[in-house]
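Note that this note's numbering numbers the sequence shown so that position 122 is 122, with each residue one more than the last. Backbone N, C-alpha and C define an ideal beta-carbon position, used for all residues, glycine too. Only one structure is covered here, and it is reproduced in the block below.
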Amino acid sequence: MPEGTDAVIMIEHVVDMDDGTVRIEAAAYPWQYVRKVGEDIVATELILPQNHMISPYEIGALLNGGLFNVKVKRKPRVLIIPTGSELISHQDLTSGTPPPGKVVESNSAILSALIRACGGEYLSHPIVPDIFEEILNAVRAAAAGDADIVIVSAGSSAGSEDYTADVVAELGEVLVHGVTIMPGKPTLLGIIGNKPVIGNPGYTVSAIMSFERFVQPLICRMLGIREPLRPKLKVRTTRKIASKLGVEEFVRVRLGRVKDTVVASSLPRGAGSVTTLTEADGIIRIPNHVEGIKLGDLVEADLLKDLAEIENTVVVVGSHDNTLDVLANQMRVRDFRFSLSSSNVGSLGGLIALRNGYCHAAGSHLLDTDTGTYNVSYIKRYLPDLRVKLVNLVFRQQGLIVPRGNPKGISGIEDLAKNNITFVNRQAGSGTRILLDYRLAQLNIKPESIRGYDQDEFTHMSVAVSVLSGAADTGLGIYAAAKALKLDFVPIVTEEYDFVISEEFFEDEKIQLMLDVIRSDSFKELVNRLGGYDTSKTGTVIASL
């Protein structure tokens with residue numbers, strides 16, 4: 001500022017006069033648009049405390065304070081030793097499918113990203129086979145090396161080739177072997193010299209849960225920062241969730257808002273199914289002193305996704321169909337704000353969920369065996385007081401999924417009663433199960449005469465996998481599932497698969513977006529590529545009930 005001045009007037013507020021003077025068009029006041037010395041930072045003032053993670057805008061504060069170099073803590077180094085004779089690195093594969101007897105080693109990739117996310121530095125290690133001496137040597141070298149934390153991936157359970165506990169006991173001390181959480185129960189905590197060693201479970205979901213409970217807090221403690229806390233939200237469960245006493249269980253759930261309530265549908269609970277985490281919107285904790293959660297209970301969920309995304313989710317409950325994945329993806333392509341959450345509980349389960357206010361729409365293909373029509377009579381029976389729109393999604397081929405070449409010569413439902421045929425069923429209440437029972441009654445075949453009638457799955461793809469793996473000779477499912485796994489197919493019937501949408505939600509923006517996608521040529525084209533579908537009536541409102 002020139003001497004004798006104490007204010008700044010913006011040029012757009014003055015007019016240059018012809019006589020060499022200027023006219024000020026707005027009043028000015030002392031120190032207008034002037035930053036006084038010390039207004040931002042004064043010498044000796046604290047800019048940032050110790051044990052603080054520097055944020056992007058705090059970099060500016062440091063520079064403005066004249067601090068061009070700042071002493072920071074070194075990132076904790078975390079070494080992961082993947083173990084298992086069955087493991088193979090994805091870098092050693094020439095195709096997307098590992099050879100027989102091998103499994104792609106993915107836990108290191110997941111855990112390394114988690115390490116970086118919480119402020120650590122990941123150190124890699126080659127895969128070590130299930131040989132005691134080789135694991136012992138790898139852990140000994142790691143404990144003597146530069147790592148601050150050593151994770152031994154897999155081998156922490158009690159199997160014949162699970163050596164982590166013996167290795168840690170020989171080199172140091174096992175502090176804890178087995179914890180009361182699920183997934184993650186086989187976790188091992190030990191120390192070698194003054195270095196923490198964690199035996200991380202081999203199943204992927206268990207590995208992640210164990211890392212978040214034990215390794216992440218350790219990294220944060222070394223950095224002197226608090227653990228990141230996930231937002232929490234009260235949600236209402238759409239089904240009963242059983243749990244064991246004495247174990248704290250972490251249940252993955254899909255979430256979506258239906259009217260004024262966020263509803264939670266539990267996902268499969270297998271410790272090795274990483275897709276249950278990629279599909280999950282939240283996690284419900286069941287304390288170790290509680291035997292489960294009842295249908296309709298209001299519980300707290302830790303959110304894995306942004307609340308705005310959960311608010312803009314279309315919740316569909318009911319029968320499984322492969323086109324639902326296509327629909328979910330195409331909705332995100334059309335408008336990234338909206339998503340689709342589908343829960344596979346069978347057609348009847350979907351109608352009941354719609355009646356209870358737990359979803360926006362139900363996927364259904366319920367055959368009325370008296371009239372040969374689909375869904376309408378069931379809607380009238382189960383939803384007498386609810387106004388709904390019945391919208392066709394697809395017509396699809398249902399039939400018997402069999403191995404390639406159909407080695408047992410299965411030609412129809414009547415073959416299921418043969419002694420050399422093992423069957424895999426769909427769950428009670430599903431439209432596929434109702435169709436099967438109808439055909440069995442027509443042929444006077446008793447369900448108990450079928451080997452595997454009581455062995456059921458919740459999706460068509462699960463039925464197809466059972467056939468592919470040899471666990472069953474056949475199962476009733478859709479053609480698209482057989483085609484996806486390169487299996488053969490014996491057609492039985494073409495059936496109608498519809499969405500039953502509550503009229504209360506029909507004009508909602510996210511429902512209308514879903515219907516626009518369903519009616520689009522691009523969606524129909526993708527569906528037809530799956531095989532076994534007829535999209536001639538896709539998106540048509542069949543009835544208002």
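- Leaving aside the five residues that flank K305 on each side, the residues in its chain whose CB is nearer than 7 Å to its CB run, in chain order, D281.
- Shown here for M182: same chain residues with a beta carbon closer than 6 Å to its own, the five before and five after excluded, namely V247 and E249 in chain order.
- For T237, the enclosing beta strand (DSSP E) has its first and last residue at K232 to T237.
- Per the Cβ contact rule, the stretch 345-363 is in contact with the stretch 305-319 (3 or more Cβ pairs under 8 Å).
- DSSP places N64 inside the alpha helix (DSSP H), whose first and last residues are P56 to N64.
- Around P186, the same chain offers S156, S157 and P201 as residues with beta carbons nearer than 6 Å, after the five sequence neighbours per side are excluded.
- For A362, the enclosing beta strand (DSSP E) starts and ends at A361 to S364.
- Of the residues N406, R396, G429 and I352, the one whose Cα lies closest to the Cα of G346 is G429.
- Inter-segment contact for the stretch 136-152 and the stretch 192-208 is present: three or more beta-carbon pairs are separated by less than 8 Å.
- Along the stretch 325-379, the beta strand (DSSP E) occurs as fully enclosed runs of 3 or more residues at 339-344 and 361-364, listed in sequence order.
- In this structure, G363 lies near Y497, with their beta-carbon atoms less than 8 Å apart.
- Between T494 and V402, the CB-CB gap reaches or exceeds 8 Å.
- In this structure, the CA atom of N528 is about 20 Å from the CA atom of V541.
- A direct Cα-Cα distance of roughly 41 Å separates R77 from V465.
- DSSP places I9 outside both helix and strand once states are collapsed to three, so it counts as coil.
- The continuous stretches of alpha helix (DSSP H) do not include D281, and DSSP gives it neither H nor E.
- Contact between the stretch 287-300 and the stretch 347-355 is absent: fewer than three C-beta pairs spanning the two stretches fall below 8 Å.
- Where I492 is concerned, the enclosing beta strand (DSSP E) starts and stops at D488 to S502.
- The shortest C-alpha to C-alpha distance from E309 to any of N51, R285 and R257 is the one to R257.
- Residue burial annotation: N375 is buried, with at least 16 other C-beta atoms found within 10 angstroms of its C-beta.
- Taken through DSSP and simplified to helix, strand or coil, F68 comes out as coil.
- If you draw a straight line from the Cα of D521 to the Cα of A472, it is about 37 Å long.
- Here DSSP, grouped into helix, strand and coil, assigns H177 to strand.
- The three-state secondary structure of M461, taken from DSSP, is helix.
- For R257, the beta-bridge partners assigned by DSSP are V262.
- Separation of M10 and V34 (C-alpha to C-alpha, rounded to the nearest whole angstrom) is 12 Å.
- If you look at K244, you'll find it isn't in any beta strand (DSSP E); DSSP assigns it neither H nor E.
- By the Cβ neighbour-count rule, S95 is exposed, with fewer than 16 other Cβ atoms within 10 Å of its own.
- Counting every other CB atom within 10 Å of its CB across the protein chains shown gives T275 a total below 16, marking it as exposed.
- The beta-carbon separation of E300 and K232, rounded to 5 Å, stays under the 8 Å limit for a contact.
- With 16 or more other Cβ atoms from the protein chains shown falling within 10 Å of its own Cβ, S210 counts as buried.
- Here V274 carries a coil assignment [DSSP, helix/strand/coil].
- Under the 10 Å beta carbon count, D92 is surrounded by fewer than 16 other beta carbons and is classified as exposed.
- Apart from sequence neighbours up to five positions away, the residues of its chain that approach P30 with a beta-carbon distance below 7 Å are D6 and A7, ordered along the chain.
- Counting along the chain, the unbroken alpha helix (DSSP H) around G431 starts and ends at G431 to Q442.
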